[in-house]
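Residue numbers for the sequence shown follow numbering that gives the first Met the number 0, beginning at 0 and rising by one.
C-beta: ideal position from N, C-alpha, C; glycine also.
Since we're looking at a predicted model, the values are computed, not measured.
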Amino acid sequence: MNLHHHNILQLSDFIPMTLRGLQFKQLFCFLMSSSMITDGLWKQSDVECPVTPRLISKLIDQIHINEATNYYKLHSVILLLEASLYTDDVLSTQKISLSSIMNKLRSLNSDIKECRGHFIDRTKVKDVIIRFVSKIMFALQNLQTQCHLDSYFEKTSSNIIIVESVKQTANDEDETSE
């Protein structure tokens, strides 16, 4: 088996979905995508585990679209980057980095020019980028700071309690008079 980008993408799909497997998949996908983008110039000492959105943002900065871009390879790279970003546990401190990734992906998407479906690889890349942006946007929309339970309740007093207590006292008086 060779190290073709499509084979690497399939290998990442075979990693088990356990906690340790997810961490390994995240690191594996990041290292493989970084080696594809930088042609092996990425240092492994730069990688932190778990992979942070800041590192992915730095890596996306190095992707440039031009006439000689291999869109089939770029499709695999974007899918690997998507697998390396774990959006289930997003911290509020990572909001700026995620917004940066989202904006960079949108600019990459706008740099890709399609010509009426003649270039299906370009269309696939644009679709994957839009899906990745949607995933990040969903994570950002669900990112909220925790509030106290009291903040969900109304602060004014309720008249219902007073009316019920008046009715209760009227019923009690009726029962005692009989």
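Cβ atoms of S32 and L79: under 7 Å apart, would you say?
-> yes
Quick one: residues in its chain with C-beta nearer than 7 Å to the C-beta of Q121, no 5 flanking neighbours on either side, listed in chain order?
-> Correcting the residue identity first, residue 121 is Arg in this sequence and not Gln. Excluding residues within five positions, the ones whose Cβ falls inside 7 Å are Y70, I111 and E113.
How is the alpha helix (DSSP H) around T122 delimited, first residue to last?
-> I119 to Q140
Neighbourhood of D60 by C-beta, 8 Å cutoff - its chain only, sequence neighbours within 5 removed = K103
Count the other C-beta atoms from every protein chain shown that fall within 10 angstroms of the C-beta of E81, then say buried if there are 16 or more, exposed otherwise.
-> buried
For S96, collect the residues of the same chain with a Cβ closer than 6 Å to its Cβ; drop the 5 residues on either side in sequence, then sort them by chain order.
-> P52, R53 and S56
Straight-line Cα distance separating F27 from I129 | 23 Å
In the DSSP assignment, find the unbroken alpha helix (DSSP H) run with L2 in it and report its ends.
-> Where L2 is concerned, there is no enclosing alpha helix (DSSP H), given that its DSSP letter is neither H nor E.
Span of the alpha helix (DSSP H) holding N108?
-> K94 to D110
Residue interval of the alpha helix (DSSP H) (run including Q22) = L18 to T37
Which of helix, strand or coil does DSSP assign to P49?
-> coil
Status (buried if at least 16 other CB within 10 Å, exposed otherwise) for T36 | Note on residue identity: the sequence assigns Ile, not Thr, to residue 36. Answer is buried; the Cβ neighbour count reaches 16.
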